[in-house]
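Everything on this sheet refers to the single structure shown next.
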Amino acid sequence: MSVQERKERERAGRERLIVAVARELAEQQGWDAVTTRRLAERIEYSQPVLYSHFRGKREIIGAVALEGAAEMAAALRAAARAEDGPHKRVAALARAYLDFAERNPAVYDAMFQLDGGLAFAREDTPEPLKDGFAALLESLGEVAGDGVHPGLFTEVFWASLHGLATLTRAGRLPPQDTEARVELLVDRLAAI
């Protein structure tokens, strides 16, 4: 291995460490607790080292969001693949989405609530975000209905899931009714 390859590998490792520690700190104490000073202390590197990887907290949030989008896409696809038939696939997809949001609140916030400097629904949208949407579209497109654009249907279904996730987390909806909400959403919106 060349010196350059070793340096690139070490740099990538530091970057992964920064993202992992930021994510861990955010999940434990919230995003307000994630500062470059605290990250530098936790990873035992100087703040200039952090700034050599990320220009600031916004870019770190963006990196966490991209990592989360990839994880969510994988979870959605796995849930949908495990089921037969459109109704079961869509219900499993909805449950997996809500479960991901519940288990990873800081990551979910990085993905959808905080400014991570990422473009959504544009030509320059990063691939992990496009893939996250594609993971929804793969199952939802088949149930959009006649004359309904699959992408538009997926956006509305996704917005419904996002609303359920954020309202439940905020204590506005009782969590014990989540399954009934999923069934209602699948039965009525997807009309399967």
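My numbering applies: residue 10 is where the sequence shown begins, and numbers increase by one.
Where a beta carbon is used, it is the ideal one built from N, C-alpha and C, also for glycine.
Nonlocal neighbours in the same chain, by C-beta distance under 6 angstroms from P184, ignoring five residues either side: T177
So, is S55 buried or exposed, given that buried needs 16 or more other C-beta atoms within 10 angstroms? exposed
Does the distance from the C-beta atom of W105 to that of A88 stay below 7 angstroms? The question names Trp, but residue 105 in the sequence shown is Ala. Yes, the pair counts as a contact, with Cβ atoms nearer than the cut-off.
Apart from the five residues just before and just after E151, which ones in its own chain have a Cβ nearer than 7 angstroms to its Cβ? P95
Check this for me: beta carbons of V191 and A103, under 7 angstroms apart or not? The answer is yes: Cβ separation under 7 angstroms.
Quick check on Y54: does DSSP put it in helix, strand or coil? coil
Measure the Cβ-Cβ separation of V12 and V99 and say whether it is below 7 angstroms. no
Could you give the first and the last residue of the continuous alpha helix (DSSP H) run that contains A143? 136-149
Same chain only: Cβ atoms within 6 angstroms of E138, ignoring 5 sequence neighbours per side: Per the sequence presented here, residue 138 reads as Leu, with Glu not at that position. Result list for L138: A78, in chain order.
List in chain order: all unbroken alpha helix (DSSP H) runs of 4+ residues lying wholly within the segment 35-108. Qualifying alpha helix (DSSP H) stretches, in chain order: 45-52, 56-62, 66-90.
My assumption, with CB atoms under 8 angstroms, is that G39 sits in contact with G126. Please give the rounded CB distance. Contact doesn't hold; Cβ gap of about 20 angstroms is too wide.
Roughly how many angstroms separate the alpha carbons of H62 and A153, rounded to a whole number? 42 angstroms
Can you tell me where the alpha helix (DSSP H) holding L120 begins and where it ends? As written in the sequence, residue 120 is Met, which differs from the Leu given in the question. Boundaries of the alpha helix (DSSP H) around M120: 114-121.
Measuring only the C-alpha atoms, how far is Q37 from G156? 46 angstroms
Taking the alpha helix (DSSP H) that F129 falls in, what are its first and last residues? Where F129 is concerned, there is no enclosing alpha helix (DSSP H), given that its DSSP letter is neither H nor E.
Coarse secondary structure for G156, derived from DSSP in three states: The answer is coil: DSSP assigns G156 none of H, G, I, E or B.
Does the beta-carbon distance from R51 to V30 come in below 7 angstroms? yes
Buried or exposed for G141, going by 16 or more other Cβ atoms inside 10 Å? buried
Give me, in chain order, the residues of the same chain whose beta-carbon lies closer than 8 angstroms to that of V28; leave out the 5 immediate sequence neighbours on both sides. I69, A72, V73, E76
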